[in-house]
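Numbering (the UniProt record's numbering), first residue to last: 1 to 336. We put the CB at the ideal spot given by N, CA and C, even for glycine. Owing to the predicted nature of the structure, the values given are computational and were not obtained by experimental measurement. The structure appears right after this line, and notes come after that.
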Amino acid sequence: LKHYRAVLIVPDIYNRHYLRELMTLLLNKMGFGSCFVLQDHVAATFGAGLPCACVIDCGHQKTSVSCVEDGISHPATRVRIGYGGGDITQSLHWLLQKCSFPYKGCDPMNNPLDAQLLQNIKHDSCHINLDVCGSTEYQFLIQQPKRTCISYTIQMADERLIAPLSFFFPELMKVTGIKSVVTQERSTGDPQDPHDADYLRDTSRRGAKEVLEPTPEGNPESGGGGGGEEDIVVDAMLESQPGVASQPSEFVLSPGQLLGLDQAILQSIDRCGSDDLKRKMYSSILIVGGGMKFQGISTWLQNRFALQIPYMLRSEQMDIVTAPKEMDPQITSWIG
1 LKHYRAVLIV PDIYNRHYLR ELMTLLLNKM GFGSCFVLQD HVAATFGAGL PCACVIDCGH
61 QKTSVSCVED GISHPATRVR IGYGGGDITQ SLHWLLQKCS FPYKGCDPMN NPLDAQLLQN
121 IKHDSCHINL DVCGSTEYQF LIQQPKRTCI SYTIQMADER LIAPLSFFFP ELMKVTGIKS
181 VVTQERSTGD PQDPHDADYL RDTSRRGAKE VLEPTPEGNP ESGGGGGGEE DIVVDAMLES
241 QPGVASQPSE FVLSPGQLLG LDQAILQSID RCGSDDLKRK MYSSILIVGG GMKFQGISTW
301 LQNRFALQIP YMLRSEQMDI VTAPKEMDPQ ITSWIG
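Next up, the structure:
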(Lines of atoms letter the chains of each structure in order from A and count residues from 1; the text may use other names and numbers.)
(Lines give C-alpha, C1' and ligand atoms only; values in the text may rest on other atoms or scores of the structure.)
Protein backbone atom coordinates (compact mmCIF):
# COMPACT_ATOMS: atom_id res chain seq x y z
CA LEU A 1 0.00 0.00 0.00
CA LYS A 2 2.98 2.34 0.13
CA HIS A 3 2.27 3.41 -3.46
CA TYR A 4 -1.33 4.41 -2.60
CA ARG A 5 -2.68 7.53 -0.92
CA ALA A 6 -5.70 7.52 1.36
CA VAL A 7 -8.39 10.12 2.05
CA LEU A 8 -9.82 10.01 5.57
CA ILE A 9 -13.20 11.73 6.00
CA VAL A 10 -13.90 12.62 9.64
CA PRO A 11 -17.02 14.11 11.29
CA ASP A 12 -17.32 17.86 11.68
CA ILE A 13 -17.06 17.43 15.47
CA TYR A 14 -14.14 15.14 16.21
CA ASN A 15 -11.73 14.14 18.95
CA ARG A 16 -8.14 14.98 18.05
CA HIS A 17 -6.79 11.97 19.96
CA TYR A 18 -8.97 9.58 17.95
CA LEU A 19 -7.84 11.29 14.77
CA ARG A 20 -4.21 10.77 15.68
CA GLU A 21 -4.82 7.05 16.28
CA LEU A 22 -6.59 6.72 12.92
CA MET A 23 -3.66 8.38 11.16
CA THR A 24 -1.25 6.06 12.98
CA LEU A 25 -3.33 3.09 11.80
CA LEU A 26 -3.35 4.23 8.16
CA LEU A 27 0.28 5.34 7.87
CA ASN A 28 2.23 3.11 10.27
CA LYS A 29 0.20 -0.10 10.53
CA MET A 30 -1.56 -0.32 7.16
CA GLY A 31 1.34 1.29 5.33
CA PHE A 32 -0.29 3.90 3.08
CA GLY A 33 2.18 6.24 1.42
CA SER A 34 0.31 9.34 2.62
CA CYS A 35 -3.08 10.36 3.94
CA PHE A 36 -5.26 13.43 3.52
CA VAL A 37 -7.78 14.32 6.24
CA LEU A 38 -11.04 16.01 5.28
CA GLN A 39 -14.11 16.93 7.31
CA ASP A 40 -17.40 15.61 5.97
CA HIS A 41 -19.04 19.04 5.73
CA VAL A 42 -16.08 20.41 3.78
CA ALA A 43 -16.25 17.39 1.47
CA ALA A 44 -19.96 18.09 0.97
CA THR A 45 -19.27 21.62 -0.28
CA PHE A 46 -16.64 20.24 -2.65
CA GLY A 47 -19.09 17.64 -3.94
CA ALA A 48 -21.80 20.26 -4.45
CA GLY A 49 -19.39 22.73 -6.05
CA LEU A 50 -20.10 25.51 -3.54
CA PRO A 51 -17.38 27.86 -2.23
CA CYS A 52 -19.24 28.48 1.03
CA ALA A 53 -22.43 27.17 2.60
CA CYS A 54 -24.18 26.33 5.83
CA VAL A 55 -24.12 22.54 5.65
CA ILE A 56 -26.81 20.35 7.22
CA ASP A 57 -25.93 16.66 7.25
CA CYS A 58 -28.93 14.57 8.28
CA GLY A 59 -28.19 10.90 8.77
CA HIS A 60 -30.03 8.02 10.39
CA GLN A 61 -29.19 8.82 14.03
CA LYS A 62 -27.79 12.36 14.04
CA THR A 63 -28.07 15.75 12.37
CA SER A 64 -25.05 18.06 12.23
CA VAL A 65 -24.79 21.72 11.22
CA SER A 66 -21.76 23.90 10.53
CA CYS A 67 -20.69 26.84 8.36
CA VAL A 68 -18.01 26.16 5.74
CA GLU A 69 -16.11 28.90 3.93
CA ASP A 70 -13.44 28.22 1.31
CA GLY A 71 -12.76 24.71 2.58
CA ILE A 72 -12.69 25.65 6.28
CA SER A 73 -15.35 24.59 8.78
CA HIS A 74 -15.63 27.27 11.47
CA PRO A 75 -15.35 25.47 14.84
CA ALA A 76 -17.68 27.85 16.70
CA THR A 77 -20.55 27.06 14.32
CA ARG A 78 -20.48 23.28 14.69
CA VAL A 79 -23.35 21.53 16.42
CA ARG A 80 -24.53 17.92 16.36
CA ILE A 81 -28.03 16.92 17.46
CA GLY A 82 -28.94 13.36 18.37
CA TYR A 83 -31.88 12.87 16.04
CA GLY A 84 -32.08 11.86 12.39
CA GLY A 85 -34.08 10.01 9.80
CA GLY A 86 -34.44 6.95 12.01
CA ASP A 87 -36.30 9.01 14.61
CA ILE A 88 -38.73 10.18 11.92
CA THR A 89 -39.36 6.54 11.02
CA GLN A 90 -40.06 5.68 14.66
CA SER A 91 -42.37 8.67 15.02
CA LEU A 92 -44.27 7.63 11.89
CA HIS A 93 -44.66 4.09 13.24
CA TRP A 94 -45.99 5.45 16.54
CA LEU A 95 -48.49 7.66 14.70
CA LEU A 96 -49.62 4.78 12.50
CA GLN A 97 -50.19 2.58 15.55
CA LYS A 98 -52.50 5.27 16.93
CA CYS A 99 -54.48 5.04 13.67
CA SER A 100 -55.00 1.25 13.73
CA PHE A 101 -51.99 0.16 11.70
CA PRO A 102 -53.10 -3.24 10.32
CA TYR A 103 -49.71 -4.94 10.60
CA LYS A 104 -49.83 -5.64 14.33
CA GLY A 105 -46.69 -7.78 14.41
CA CYS A 106 -44.42 -5.03 13.07
CA ASP A 107 -41.22 -5.04 15.14
CA PRO A 108 -38.61 -2.75 13.55
CA MET A 109 -36.26 -2.99 16.53
CA ASN A 110 -35.70 -6.74 16.09
CA ASN A 111 -36.75 -7.46 12.50
CA PRO A 112 -34.70 -5.78 9.74
CA LEU A 113 -37.42 -6.46 7.17
CA ASP A 114 -39.97 -4.57 9.27
CA ALA A 115 -37.50 -1.70 9.68
CA GLN A 116 -37.03 -1.57 5.92
CA LEU A 117 -40.80 -1.67 5.41
CA LEU A 118 -41.32 1.41 7.60
CA GLN A 119 -38.43 3.11 5.85
CA ASN A 120 -40.12 2.53 2.49
CA ILE A 121 -43.46 3.82 3.80
CA LYS A 122 -41.73 6.97 5.03
CA HIS A 123 -39.94 7.63 1.74
CA ASP A 124 -43.05 6.97 -0.36
CA SER A 125 -45.61 8.91 1.65
CA CYS A 126 -44.07 11.55 3.95
CA HIS A 127 -43.75 15.15 2.80
CA ILE A 128 -43.57 18.74 4.09
CA ASN A 129 -46.05 20.40 1.76
CA LEU A 130 -48.95 22.26 3.36
CA ASP A 131 -50.76 22.39 0.02
CA VAL A 132 -51.22 18.61 0.14
CA CYS A 133 -54.02 17.67 2.50
CA GLY A 134 -56.60 14.97 2.97
CA SER A 135 -56.20 11.22 3.23
CA THR A 136 -54.60 8.97 0.66
CA GLU A 137 -54.56 5.23 0.18
CA TYR A 138 -51.30 3.36 0.57
CA GLN A 139 -50.74 -0.32 -0.16
CA PHE A 140 -47.79 -2.38 1.01
CA LEU A 141 -46.70 -6.03 1.11
CA ILE A 142 -45.42 -8.06 4.06
CA GLN A 143 -42.71 -10.41 2.86
CA GLN A 144 -41.16 -12.68 5.45
CA PRO A 145 -39.01 -15.81 4.91
CA LYS A 146 -41.03 -19.04 4.64
CA ARG A 147 -44.31 -17.16 5.03
CA THR A 148 -47.10 -16.25 2.67
CA CYS A 149 -46.94 -12.74 1.24
CA ILE A 150 -49.65 -10.54 2.77
CA SER A 151 -51.01 -7.30 1.27
CA TYR A 152 -52.35 -4.45 3.41
CA THR A 153 -54.06 -1.20 2.48
CA ILE A 154 -54.14 1.78 4.85
CA GLN A 155 -55.48 5.32 4.78
CA MET A 156 -52.85 7.94 5.62
CA ALA A 157 -53.63 11.60 6.32
CA ASP A 158 -51.79 14.08 8.55
CA GLU A 159 -49.34 11.40 9.70
CA ARG A 160 -47.43 11.97 6.47
CA LEU A 161 -46.83 15.60 7.44
CA ILE A 162 -46.54 15.39 11.23
CA ALA A 163 -43.70 12.84 11.26
CA PRO A 164 -41.16 14.88 9.20
CA LEU A 165 -42.17 18.08 11.04
CA SER A 166 -40.51 16.53 14.10
CA PHE A 167 -37.27 18.04 12.80
CA PHE A 168 -38.66 21.49 13.58
CA PHE A 169 -40.77 20.56 16.61
CA PRO A 170 -38.52 18.12 18.48
CA GLU A 171 -41.10 17.69 21.25
CA LEU A 172 -42.67 15.14 18.90
CA MET A 173 -39.54 13.01 19.21
CA LYS A 174 -40.02 12.24 22.89
CA VAL A 175 -41.41 8.86 21.85
CA THR A 176 -37.98 7.93 20.47
CA GLY A 177 -35.98 8.55 23.65
CA ILE A 178 -33.66 11.18 25.11
CA LYS A 179 -31.57 13.17 22.62
CA SER A 180 -28.36 15.14 23.09
CA VAL A 181 -26.80 18.29 21.64
CA VAL A 182 -23.01 18.31 21.13
CA THR A 183 -20.82 21.29 20.16
CA GLN A 184 -17.12 21.49 19.32
CA GLU A 185 -15.16 21.58 22.57
CA ARG A 186 -11.73 23.07 22.99
CA SER A 187 -9.21 20.29 22.46
CA THR A 188 -6.96 19.38 25.36
CA GLY A 189 -3.21 19.60 25.03
CA ASP A 190 -1.38 16.64 23.53
CA PRO A 191 2.21 16.16 24.77
CA GLN A 192 3.01 14.07 21.67
CA ASP A 193 1.88 16.79 19.26
CA PRO A 194 4.34 19.73 19.11
CA HIS A 195 1.87 21.78 17.04
CA ASP A 196 -1.34 21.28 19.00
CA ALA A 197 -3.83 24.03 19.84
CA ASP A 198 -1.95 25.06 22.99
CA TYR A 199 1.27 25.56 21.03
CA LEU A 200 -0.46 27.62 18.35
CA ARG A 201 -2.22 29.71 20.99
CA ASP A 202 1.02 30.44 22.85
CA THR A 203 2.96 31.37 19.72
CA SER A 204 0.14 33.61 18.50
CA ARG A 205 0.21 35.42 21.85
CA ARG A 206 3.92 36.12 21.52
CA GLY A 207 3.46 37.31 17.94
CA ALA A 208 0.58 39.58 18.90
CA LYS A 209 2.62 41.01 21.76
CA GLU A 210 5.50 41.90 19.44
CA VAL A 211 3.13 43.63 17.00
CA LEU A 212 1.29 45.70 19.60
CA GLU A 213 4.29 46.73 21.74
CA PRO A 214 5.49 50.35 21.14
CA THR A 215 8.92 50.61 19.54
CA PRO A 216 10.53 53.48 21.56
CA GLU A 217 12.88 52.08 24.15
CA GLY A 218 12.08 54.84 26.62
CA ASN A 219 8.42 53.91 26.79
CA PRO A 220 7.86 52.01 30.03
CA GLU A 221 5.10 49.93 28.42
CA SER A 222 7.56 48.38 25.95
CA GLY A 223 9.50 46.54 28.64
CA GLY A 224 8.73 43.17 30.17
CA GLY A 225 5.42 43.43 31.93
CA GLY A 226 3.73 41.41 34.58
CA GLY A 227 2.45 37.89 34.34
CA GLY A 228 -0.88 38.91 32.80
CA GLU A 229 0.54 41.03 29.98
CA GLU A 230 0.09 38.36 27.30
CA ASP A 231 -3.55 37.89 28.25
CA ILE A 232 -4.14 41.64 27.90
CA VAL A 233 -2.56 41.58 24.44
CA VAL A 234 -4.77 38.68 23.33
CA ASP A 235 -7.89 40.39 24.63
CA ALA A 236 -6.95 43.55 22.74
CA MET A 237 -6.48 41.58 19.53
CA LEU A 238 -9.85 39.84 19.92
CA GLU A 239 -11.66 43.10 20.61
CA SER A 240 -10.14 44.63 17.49
CA GLN A 241 -11.59 41.89 15.28
CA PRO A 242 -15.08 42.71 13.96
CA GLY A 243 -17.84 40.50 15.22
CA VAL A 244 -15.73 38.54 17.70
CA ALA A 245 -16.64 40.52 20.81
CA SER A 246 -20.37 40.11 20.21
CA GLN A 247 -20.13 36.46 19.17
CA PRO A 248 -22.15 34.14 21.45
CA SER A 249 -20.02 31.92 23.63
CA GLU A 250 -22.29 28.88 23.38
CA PHE A 251 -25.51 27.64 21.89
CA VAL A 252 -28.55 28.89 23.78
CA LEU A 253 -30.38 25.97 25.38
CA SER A 254 -32.76 25.76 28.30
CA PRO A 255 -32.40 22.77 30.66
CA GLY A 256 -33.77 19.71 28.90
CA GLN A 257 -34.44 21.64 25.68
CA LEU A 258 -33.74 20.08 22.29
CA LEU A 259 -32.95 22.35 19.36
CA GLY A 260 -35.24 22.28 16.36
CA LEU A 261 -33.45 22.11 13.03
CA ASP A 262 -34.27 25.69 12.05
CA GLN A 263 -33.06 27.00 15.41
CA ALA A 264 -29.85 24.99 15.12
CA ILE A 265 -29.19 26.51 11.69
CA LEU A 266 -29.93 30.05 12.88
CA GLN A 267 -27.73 29.74 15.96
CA SER A 268 -24.92 28.17 13.94
CA ILE A 269 -24.93 31.03 11.41
CA ASP A 270 -25.24 33.58 14.22
CA ARG A 271 -21.90 32.38 15.60
CA CYS A 272 -20.05 33.38 12.41
CA GLY A 273 -17.43 36.08 12.93
CA SER A 274 -18.80 38.83 10.67
CA ASP A 275 -22.06 40.07 9.21
CA ASP A 276 -20.76 39.55 5.69
CA LEU A 277 -20.08 35.89 6.41
CA LYS A 278 -23.53 35.51 7.94
CA ARG A 279 -25.12 36.87 4.75
CA LYS A 280 -23.15 34.36 2.70
CA MET A 281 -24.37 31.50 4.87
CA TYR A 282 -28.00 32.62 4.77
CA SER A 283 -27.80 32.81 0.98
CA SER A 284 -26.42 29.27 0.56
CA ILE A 285 -27.74 26.35 2.60
CA LEU A 286 -26.74 22.81 1.62
CA ILE A 287 -28.66 19.73 2.83
CA VAL A 288 -26.92 16.36 2.47
CA GLY A 289 -27.46 12.89 3.87
CA GLY A 290 -30.36 10.50 3.49
CA GLY A 291 -32.47 11.45 6.49
CA MET A 292 -34.26 14.50 5.09
CA LYS A 293 -35.31 13.59 1.56
CA PHE A 294 -38.86 14.93 1.86
CA GLN A 295 -40.86 16.78 -0.75
CA GLY A 296 -41.19 20.48 0.12
CA ILE A 297 -38.34 20.66 2.66
CA SER A 298 -36.62 23.59 0.89
CA THR A 299 -39.81 25.68 0.65
CA TRP A 300 -40.61 25.01 4.30
CA LEU A 301 -37.14 26.13 5.41
CA GLN A 302 -37.36 29.30 3.32
CA ASN A 303 -40.68 30.20 4.92
CA ARG A 304 -39.32 29.54 8.41
CA PHE A 305 -36.20 31.64 7.84
CA ALA A 306 -38.13 34.51 6.24
CA LEU A 307 -39.70 35.22 9.62
CA GLN A 308 -36.54 34.83 11.72
CA ILE A 309 -33.55 36.20 9.77
CA PRO A 310 -32.64 39.76 10.89
CA TYR A 311 -33.46 42.32 8.20
CA MET A 312 -29.88 43.61 7.99
CA LEU A 313 -28.59 40.09 7.24
CA ARG A 314 -31.07 39.16 4.53
CA SER A 315 -29.67 38.51 1.08
CA GLU A 316 -31.35 39.02 -2.26
CA GLN A 317 -31.58 35.29 -2.89
CA MET A 318 -31.61 32.28 -0.59
CA ASP A 319 -30.57 29.00 -2.21
CA ILE A 320 -31.46 25.85 -0.29
CA VAL A 321 -29.78 22.99 -2.15
CA THR A 322 -31.28 19.56 -1.46
CA ALA A 323 -30.03 17.66 -4.53
CA PRO A 324 -26.71 19.19 -5.63
CA LYS A 325 -25.92 18.57 -9.30
CA GLU A 326 -29.08 16.41 -9.46
CA MET A 327 -27.42 13.59 -7.54
CA ASP A 328 -28.38 11.68 -4.43
CA PRO A 329 -27.53 13.83 -1.37
CA GLN A 330 -26.38 10.67 0.43
CA ILE A 331 -23.21 10.53 -1.71
CA THR A 332 -22.40 14.25 -1.89
CA SER A 333 -19.61 14.03 0.69
CA TRP A 334 -18.06 11.00 -1.00
CA ILE A 335 -18.14 12.74 -4.39
CA GLY A 336 -16.34 15.70 -2.80
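Residue range 150-156 is occupied by the beta strand (DSSP E) that includes Y152. The C-alpha of H17 is placed about 49 Å away from the C-alpha of Y138.
In the three-state reduction of the DSSP assignment, R5 falls in the strand class, which pools E and B. Every unbroken stretch of the alpha helix (DSSP H) spanning 4 or more residues and falling wholly within the stretch 70-130 is given here in chain order: 85-98, 112-125. Taking C-beta separations shorter than 7 Å and ignoring five residues to either side along the sequence, the partners of A115 in its chain run P108, following chain order. In the structure shown, V132 falls within a coil segment according to DSSP collapsed to helix, strand and coil. Beta bridge pairing from DSSP links I285 with C54, I320. For the pair T183 and L118, the Cα-to-Cα distance works out to about 31 Å. The residue among E159, P324, Y14, L50 with its C-alpha nearest the C-alpha of V288 is P324. Straight through space, the alpha carbons of S333 and A43 are spaced by roughly 5 Å.
Closest in C-alpha terms to G84, from the list K62, P102, L95, comes K62.
In the DSSP assignment, L261 falls within the alpha helix (DSSP H) that extends over 261-270. Residue state for L38 is assigned as strand, using DSSP reduced to three classes. The C-alpha of C35 is placed about 36 Å away from the C-alpha of S298.
Put simply, the stretch 48-60 does not touch the stretch 128-145. Fewer than three CB pairs are less than 8 Å apart. For T176, there is no enclosing beta strand (DSSP E), since its DSSP letter is neither H nor E. By the Cβ test, the stretch 138-150 is not in contact with the stretch 64-77, since fewer than three Cβ pairs between them sit closer than 8 Å. Separation of the CB atoms of M327 and S283 is rounded to 22 Å, and the pair is thereby denied contact status at 8 Å.
Inter-residue distance for L38 and S315 is about 30 Å (C-alpha atoms, whole angstroms).
The C-beta of E69 has 16 or more other C-beta atoms within 10 Å across all chains shown, which makes the residue buried.
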